[in-house]
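**Q** Numbered per the working numbering, the sequence shown finishes at 1192, counting up by one with no gaps. Don't be surprised by glycine CBs; every beta carbon is placed ideally from N, CA and C. Since this is a predicted model, take the numbers as computed values, not measurements. Here it is, the structure, as structure tokens.
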Amino acid sequence: MRQEISLEEIGKFLEGRDPEQRIVNLLYNNQDNFITVVYRNENDQKCTRQESFYPFVWATRRACNNLCNGNRDVLKQLMREFGIGVKKLSNQDNKGNEIASFENGYMFMFYALKPMSYTTFLSFFKRAKYPIFRNDKDKNGEPLQLSKADEGQYLIVTPQEQFMISTGKRFFKGYNDYNDILRMIFDLETEGLDPRKHRIKLNGIRMNRSVTIRGKEYQNFERIFDIKGKTKAEKDASELRIIDTMLKIIYTFKPDVITGHNVENFDWNFIIVRCEMLGTTIEEMSAPYFNGDFIRKETRESSLKLGGEVETFKRTIVPNTIITDSLHAVRRAQATDSNFLKATLKYSTNYLGLKKDNRVYTPGEEIDKILTDETNQYAFNNTDGDWYIYNPTSPNGNNIPFRKGKDEDKPFVAYTRNYLADGYEIVTGRYIIERYLYDDLWECDKVEYALNTTNFFICKILPVPFAKCCTMGTAGQWKAIMMAWSYENGLAIPKAENSGAFTGGLSRLLRVGFVDNVIKLDYNSLYPSIILTWGITDETDLMNAMLKMLEYVLTTREKYKGDKKKAGKIVDMYEDEFIAKGIELLAEQIIEYNQQKMQYNFADKKQNQQKVLGNSFFGSYGSNNGSVFPWKSQKCAEQTTCTGRQCLRLMISHFHKLGYIPIVGDTDGFNFKLPTEIVNPKILDYIVPTYESTEDKQNYFDENTKLCIKYENDIVSSKTIRDIINDNKDYHILIGNEWVNKKNINFSEIF
């Protein structure tokens, strides 16, 4: 009988048992018997190290019986020849009972006894005439004939994932923020959309942070490279130099991540095709910078999981470097946020509240003309990023209706005016275009950071590479966790069958038309809390580990939410009491303020990491595809949603009795119209306390005594006396039956 798992054990497991820090990539060639670990040393230098690779695969009893046509003597001889072992995995629960449903599951593991290449490992199963992949061929090139029933008899993951599962290594240990990773952002401006007809006009490149190279520090490197020349030959040579310069920058700066907006489907493809049109290949151009390795597109499709949908794309491979796409991050955010309407970079920046006040826009069809314009002068306003053509000899340009060209949903209008308006300065057309492209790079950097930071933190506990973590589904995350747990504990893995749909959460529209004074009420982590409260689990969770992991996730989230709140109070205190009033902070106060801001941001990201994992747990239970999550359970999913529906009905009933009018709701929350007495509150008496002594006054002061507060004509909250005295906002306080402005109250007399 096994002992119950502790939360401490779960925490150590999720963090990865190997303590190595600053791993930023894992490289593997199927012919090698080693994995290349890419890491940064204490001096921030990018380094590589080789470690032995021991491949493994989970297998069913059917697979074992079919190897070598069931001849065990031949199989044993072949295993000795290849250096491969096999072991039976446990299907016993915590009480020692064998769970029969595992009999058709992955009860065995084949593993390498010595360092071995992936190709050699796979060839063992081909020689045994029962290959891991159905489309494999025998030594004569003939397809190996396998039946439909032979599908899914092995469970295998990529070599990088096998390495992480078997070693306990994880990406990004030692890094507390996604900005600690060196990211290169790039963006092409082209003459058109067809690389066979149109050129690259500009290539902008930005680094997200400073980096030191051979003793020289580069502070947030930003450069724009443009085509020069008048003849076709001159432009061809210049375009090749732009591509080569980008390769040199990758080689010199050695970024951990290269990203851009829609780079996988557009920018990288454009570069690859332009190389061909200019008489070379990206492989030929990049090979000198990567010791014979080269940039290329994968031949097989990769999946981008978008909620219940899947899109495919072909990954770009840059040696030693992770490739991400901020468009993928936006599309994934849209899958969970119905208000996120468009995936363009400009819209995403605005929606996420990241837009710069002086963002510069230009009409796309005029970029080349403005860039090379040496005739006209341009008036530019650095405060709001607006600009126009300045021509003192033009007709009265002021009569032209003036509208700033910063709204992406309206046509851009480049105005000509015959005067220099206040706040404008004369610049060149090149300056306008470069500012436009620099702002594109800045926006992509910020959108990528905002949307992939959670993936960065989640990747720290998953045995998967970061590029995959940025595109995989939430059920896949829990599958990776449970596969690693099963490996470390010698557990069999179930082979779940696909199942049909089941009844989901309660979704109701109870009132139509316009409704004012609406409030949204919902449960905190409803489904995870239901699963834990009612102990909703399946027999295939042999060690009851999933519930313990879920408990750890929710407990850890609450801890970080508390840390965030605590740090936030200190930050608010400094900003309200000092910074807002223009009071200069002392040196030690500046240190504390900055430390608390860092703690606030870190705690916020960590609680969001746990939130995503907790909320995705139910989706794993409810997956209808057994290959997506082998521990899926329709019974557990239905019990969870059924309980959730009852919880939501209880909410509706409770608040309806209090005068709230239910309007519309879904799954874990409901929108209510507020009762009239809350919107227009009755005047309540408040009796000012009296004190017999200073000690008595202090004791009363420390209690949670509350007043009714009105701020900007709305009842916003109740606060303690201490909060009222320390709060520098302008509000009214109810004393007796009269609202009194805080400015007119002498707190020392009243309290």
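1) Quick check: the Cα distance between GLU1199 and TRP883, rounded to an integer number of angstroms?
2) Go ahead and label THR790 buried or exposed: buried means 16 or more other beta carbons lie within 10 angstroms of its beta carbon, across all protein chains shown.
3) Do PHE943 and GLN1050 come within 7 Å of each other at the CB atom, strictly closer than that value?
4) Which term fits CYS488, buried or exposed, when burial requires 16 or more other beta carbons within 10 angstroms of its beta carbon?
5) Give the range of the beta strand (DSSP E) segment to which CYS488 is assigned.
6) Using DSSP with H/G/I as helix, E/B as strand and the rest coil, what is GLN1075?
7) Taking only runs of the beta strand (DSSP E) that begin and end inside the region 649-675, which ones reach a length of at least 3 residues, in chain order?
8) Does the region 562-573 touch the region 530-538, meaning 3 or more C-beta pairs lie closer than 8 Å?
9) Straight-line CA distance for ALA541 to THR1084?
10) Report the residue from SER744, MET987 and ASP1004 whose alpha carbon sits nearest the alpha carbon of SER1057.
11) Is there contact between the region 761-777 and the region 937-951, where contact requires at least three CB pairs shorter than 8 Å?
12) Taking Cβ to Cβ, would you say ARG756 is nearer than 7 Å to GLU739?
13) Grouping DSSP H, G and I as helix and E and B as strand, with all else coil, what is ILE1020?
14) Note down the Cα distance separating PHE693 from ILE654, rounded to an integer number of angstroms.
15) Helix, strand or coil, according to DSSP, for MET1014 in the structure here?
16) Quick check: the region 698-716 against the region 657-671, are there 3 or more CB pairs under 8 Å?
17) Give me, in chain order, the residues of the same chain whose beta-carbon lies closer than 8 Å to that of TYR659; leave out the 5 immediate sequence neighbours on both sides.
18) Keeping to the same chain, check which residues put their C-beta closer than 8 Å to that of ASN839; ignore five residues upstream and five downstream.
19) On the DSSP bridge list, what partners appear for PRO1103?
20) Given 8 Å as the limit, is there contact between the region 859-873 and the region 887-894, that is, 3 or more CB pairs closer than that?
21) Assuming ARG640 and ILE668 form a contact by the criterion Cβ under 8 Å, report the distance between their Cβ atoms to the nearest whole angstrom.
22) Reducing DSSP to helix, strand and coil, say where GLY524 ends up.
23) Can you tell me where the beta strand (DSSP E) holding LEU745 begins and where it ends?
24) Out of curiosity, what's the CA-to-CA distance linking GLU724 and THR762?
25) Quick one: what's ILE626 bridged to in DSSP?
26) For GLN462, which of helix, strand or coil comes out of DSSP?
27) Who pairs with ALA500 in a beta bridge, going by DSSP?
28) Find out if the Cβ-Cβ distance for the pair LEU1055, LEU1115 is shorter than 7 Å.
29) By how many angstroms is the C-alpha of ASN985 removed from the C-alpha of SER447?
30) In the DSSP assignment, what are the bridge partners of THR753?
31) For LEU903, I'd like the list of residues in its chain whose CB is within less than 7 Å of its CB, leaving aside the five on either flank, ordered along the chain.
32) What three-state label does DSSP hand SER564 in the structure shown?
33) Out of curiosity, what's the CA-to-CA distance linking ARG443 and GLU602?
34) Using only alpha-carbon positions, find the residue among ILE597, GLU938, VAL888 and GLU806 that is nearest to ILE874.
35) Can you give the Cα-Cα distance for THR672 and ASN780, rounded to whole angstroms?
36) Any contact between the region 627-640 and the region 792-799? By contact I mean 3 or more CB pairs, one from each, below 8 Å.
**A** Reading from the atomic positions:
1) No answer is possible for residue 1199: it lies beyond the span of the chain, which begins at 442 and ends at 1192.
2) buried
3) no
4) exposed
5) 487-493
6) helix
7) 652-654, 657-659 and 663-667
8) no
9) 28 Å
10) MET987
11) no
12) yes
13) helix
14) What sits at residue 693 in the sequence shown is Thr, not Phe. Going from the Cα of THR693 to the Cα of ILE654 covers about 8 Å.
15) helix
16) no
17) MET648, SER651, VAL652, THR653 and PHE694
18) A caution first: ASN839 carries a pLDDT of 46, below 50, which makes its placement in the model unreliable, though a value can still be read off. So the list reads ARG858, ASN859 and TYR860, once near-sequence residues are dropped.
19) PHE1113
20) no
21) 6 Å
22) coil
23) 743-747
24) 16 Å
25) ARG647 and THR700
26) coil
27) PHE549 and TYR595
28) Inspection of the sequence shows that residue 1055 is occupied by Gly rather than by Leu. No; because the gap between Cβ atoms is not below 7 Å, this pair is not in contact.
29) 11 Å
30) SER744
31) CYS910, GLN918, ALA921 and ILE922
32) helix
33) 28 Å
34) GLU806
35) 49 Å
36) no
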